[in-house]
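This report refers to the structure that appears directly beneath it.
Residue numbers (our numbering), protein chains in the order written: chain R, 2 to 114; chain V, 89 to 202.
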């Protein structure tokens, strides 16, 4: 099993450009989430999904869109990149069974200039 | 929004020192508390998930305790080693059950000097 995979690992964007961060998992987990990590702020939840076709907003959703058409994939779209979106982005997955331990991908480091 | 606080924000210790840090959270509607270790250039990995008041968990030299009545958890590292250098994150579900949504504290960054 590859677990949770994310692409790309690094990306540089210009202000106003759009892009999609990819996330996939092969563990058949129903739950998937996107977090951003900024210095001194831990991980902040952007959007999450409890299953295909169902998404909801987290703590910091503005400027980001998500969709979940399959159990495996949960892409994060930046509509018009801003320097404030420079961050490290982590995708995670978990299962509704048990107590919700999350499995994280390797992260995408995004710089917006 | 659930408020999860961790202290201290950073800690520098010498190899062999024992150390501990705190995660504080609202005690009402408690469901579970997660501890994750996040090493530089890697992904966060789960250390413990705790659910019961008075729970104690241990993994090698790392242990954690939970007090849900007063809303805190302690993480202890006995005899710190350089490989323990990492950011330790605690998190709680953003609801009263397993919703796939975690709210994290700011983290405690531990640096262990050889």
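Built from N, CA and C at the ideal position, the CB exists for glycine as well.
Residue j beta carbon less than 7 Å from that of residue i
| i | j | result |
| --- | --- | --- |
| residue 127(V) | residue 179(V) | no |
| residue 105(R) | residue 131(V) | yes |
| residue 170(V) | residue 137(V) | no |
| residue 145(V) | residue 106(V) | no |
| residue 49(R) | residue 95(R) | no |
| residue 108(V) | residue 101(R) | no |
| residue 43(R) | residue 195(V) | yes |
| residue 160(V) | residue 110(V) | yes |
| residue 20(R) | residue 80(R) | no |
| residue 193(V) | residue 94(V) | yes |
| residue 46(R) | residue 90(R) | no |
Contact list for residue i against chain V, beta-carbon separation under 7 Å
| i | result |
| --- | --- |
| residue 12(R) | Near residue 12(R) there are no residues of chain V at all, since even the closest Cβ is about 17 Å away, more than 7 Å. |
| residue 100(R) | 120, 137, 139 and 186 |
| residue 105(R) | 131 and 132 |
Three-state secondary structure (DSSP) of residue i
| i | result |
| --- | --- |
| residue 105(V) | coil |
| residue 169(V) | coil |
| residue 85(R) | helix |
| residue 52(R) | strand |
| residue 113(V) | coil |
| residue 39(R) | coil |
| residue 164(V) | strand |
| residue 8(R) | strand |
| residue 131(V) | coil |
| residue 79(R) | strand |
| residue 91(V) | coil |
| residue 181(V) | strand |
| residue 194(V) | coil |
| residue 61(R) | coil |
Interface partners of residue i on chain R, CB under 9 Å
| i | result |
| --- | --- |
| residue 168(V) | None at all; the shortest Cβ gap to chain R is about 21 Å. |
| residue 96(V) | The premise fails here: residue 96(V) is roughly 12 Å from chain R at the closest Cβ pair, so nothing lies under 9 Å. |
Chain-ordered chain V contacts of residue i [CB-CB under 9 Å]
| i | result |
| --- | --- |
| residue 51(R) | 187, 188 and 189 |
| residue 91(R) | 131 and 132 |
Interface residues of chain R facing residue i [CB-CB closer than 7 Å]
| i | result |
| --- | --- |
| residue 204(V) | As displayed, chain V neither begins before 89 nor continues past 202, which places residue 204(V) out of reach and without an answer. |
| residue 193(V) | 43 |
| residue 181(V) | 101 |
Exposure label - residue i; buried when at least 16 CB within 10 Å
| i | result |
| --- | --- |
| residue 3(R) | exposed |
| residue 55(R) | exposed |
| residue 16(R) | exposed |
| residue 11(R) | exposed |
| residue 102(V) | exposed |
| residue 120(V) | buried |
| residue 202(V) | exposed |
| residue 197(V) | buried |
| residue 100(V) | exposed |
| residue 7(R) | buried |
| residue 163(V) | buried |
| residue 103(R) | buried |
| residue 59(R) | buried |
| residue 98(R) | exposed |
Chain-ordered neighbours of residue i on chain V, where CB pairs are closer than 8 Å
| i | result |
| --- | --- |
| residue 97(R) | 186 and 188 |
| residue 34(R) | 188, 189 and 190 |
(message) Using a Cβ distance threshold of 8 Å, determine whether the segment 188-195 of chain V contacts the segment 30-45 of chain R, with at least three qualifying pairs required.
(response) yes
(request) Report yes or no: do three or more beta-carbon pairs, one from the segment 73-91 of chain R and one from the segment 19-27 of chain R, lie closer than 8 Å? (result) yes
(request) Using a Cβ-Cβ cut-off of less than 9 Å, give me the residues of the segment 56-81 of chain R that come near chain A, in sequence order. (result) Absent from the structure is chain A; the protein chains it does hold are R and V.
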